[in-house]
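Some notes on the structure that comes next.
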Amino acid sequence: MEIDIRCECFEVDWKIVSETLKRVGMAFYEPETHRKAFEASHTTVFVYHAAQLIGFGRAISDGVYQGAVYDVAVAPEFQRKGIGTIIMKKILERLPECNIILYATPGKEAFYEALNFRKMKTGMACFRNSEKMKEKGFTE
Ligand SMILES: CC(C)(COP(=O)(O)OP(=O)(O)OC[C@H]1O[C@@H](n2cnc3c(N)ncnc32)[C@H](O)[C@@H]1OP(=O)(O)O)[C@@H](O)C(=O)NCCC(=O)NCCS
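Mapping of the sequence shown onto the numbering used here: residues 24 to 163, in sequence order.
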């Protein structure tokens, strides 16, 4: 499958970003909110197929030794074709010296394990919507 990988936020259709996150069951907001979050990120990756945005991801980082990955998603009809791996590898490539943390959607840990991520024993989060995150299986 021919794909085009872009790392800039120019001309991204933020409505598709919001809709894709909604379709895959991840937290989604107004398109403009995603634009702000991606534009404020250290690294962004967008994957296109036939001019259609089919996957994306981003990392916030100091660019020196710490980074955190968010909003990695692939449109359902394009999943399990290696696109998620391409997105993650591109993000990691752009943060070569950094420790990278993330929290996987419950059930998606194997995807990150295949990329050498390991579960943290002391990872902690203070979520704004803490009850919902507990219900969804993110926290104890
Ligand atoms: C998780 C996600 C980004 C993976 O993207 P993808 O393009 O489907 O993943 P890949 O094709 O690169 O998968 C690579 C490997 O990861 C593992 N993997 C991927 N999805 C998996 C799943 N749902 N369950 C178990 N293992 C999975 C497999 O080992 C897979 O290799 P294989 O297909 O040869 O078995 C994508 O499924 C997605 O958008 N899911 C919904 C949103 C989400 O949960 N995002 C992650 C937020 S933390």
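By construction, the Cβ of each residue, glycine as well, lies at the ideal position given by its N, Cα and C atoms.
Check                                                                                                                                                              : Outcome
I think Cys121 touches Ser84, with their Cβ atoms under 8 Å apart; what is that distance to the nearest whole Å?                                                   : 6 Å
Judging by CA-CA distance, which residue of His72, Glu34 and Ala73 is the nearest neighbour of Glu55?                                                              : Glu34
Which ranges does the beta strand (DSSP E) cover as unbroken runs of at least 3 residues, wholly within the stretch 60 to 103, from first to last along the chain? : 66 to 72, 75 to 84 and 89 to 97
Give the secondary structure of Ile28 by DSSP, where H, G and I count as helix, E and B as strand, and everything else as coil.                                    : strand
Closer than 7 Å by C-beta to Lys104: which residues in its own chain qualify, once you throw out the five before and the five after it? Chain order, please.       : Met24
Are the stretch 66 to 83 and the stretch 99 to 113 touching by the rule of at least three beta carbon pairs closer than 8 Å?                                       : yes
Judging by CA-CA distance, which residue of Gly86, Tyr135 and Pro119 is the nearest neighbour of Ala96?                                                            : Tyr135
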